[in-house]
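S.K.:
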Amino acid sequence: MRKHLNFLRETPLKAEPVKIRLSGGKELIIEWNDSQVSRIPLQELRKKCPCATCVAEKAGQSSKYIPLYMRDQIMVKELKAVGSYALNVIWQDGHSTGIYEYSNLRSMNLE
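Position 52 of the sequence shown, counting from 1, maps to 55 under this note's numbering, and the rest follow consecutively.
#1: In whole angstroms, what separates the C-alpha of Ser-106 from that of Ser-41?
#2: Tell me whether Glu-19 sits in a helix, a strand or coil according to DSSP, three-state version.
#3: CB-CB under 7 Å to Pro-45, same chain, minus the five flanking residues each way: which ones, in chain order?
#4: Which residue comes first and which comes last in the beta strand (DSSP E) that contains Arg-42?
#5: Using alpha carbons as the reference points, say which of Ile-102, Glu-34, His-98 and Arg-74 lies closest to Val-118.
Take a look at the structure:
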């Protein structure tokens, strides 16, 4: 008699935010559904803006270029969910075209 073992493949849990908040005007804190917590400094978030304008601007700079931001450029005015896959950050200086996919935010985790 032959015995067969059935192995259940666990599907990896897709990292999804359960809570997103700003802390002290200095960092974005994201609590994920797998109990991980991401703490992303706002200056780092702005520096990694994925919009076409910012990406093109970075591409034209030397690798030694260090962007300096005015205070209003790293202050968040509003956070908006984009469907179930991303976050739109509206900065105090009016910049609002960056859509940060949750997978990219997860990889920015500096904690």
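We treat Cβ as the ideally placed atom computed from N, Cα and C, and that holds for glycine.
Remember, it's a predicted structure, so these values are computed and weren't measured experimentally.
M.R.: Looking at the atomic coordinates:
#1: The residue you call residue 106 lines up with position 103 of the sequence shown. The residue you call residue 41 lines up with position 38 of the sequence shown. Each residue's Cα considered, the two are about 12 Å apart.
#2: Counting from one through the sequence shown, the residue named residue 19 turns up at place 16. Under the three-state reduction of DSSP output, Glu-19 falls in the coil class, being neither helix nor strand.
#3: Residue 45 sits at position 42 when you count from the first residue of the sequence shown. Note on identity: in this sequence residue 45 is Leu, with Pro being the wrong assignment. Take Leu-45, set aside five residues on each side of it, and the residues of its chain with a beta-carbon closer than 7 Å to its own are Lys-29, Glu-30, Leu-31, Ile-77 and Val-79, in chain order.
#4: Residue 42 sits at position 39 when you count from the first residue of the sequence shown. Residue range 40-44 is occupied by the beta strand (DSSP E) that includes Arg-42.
#5: The first residue shown for the chain is 4 and the last is 114, placing residue 118 beyond what the model contains.
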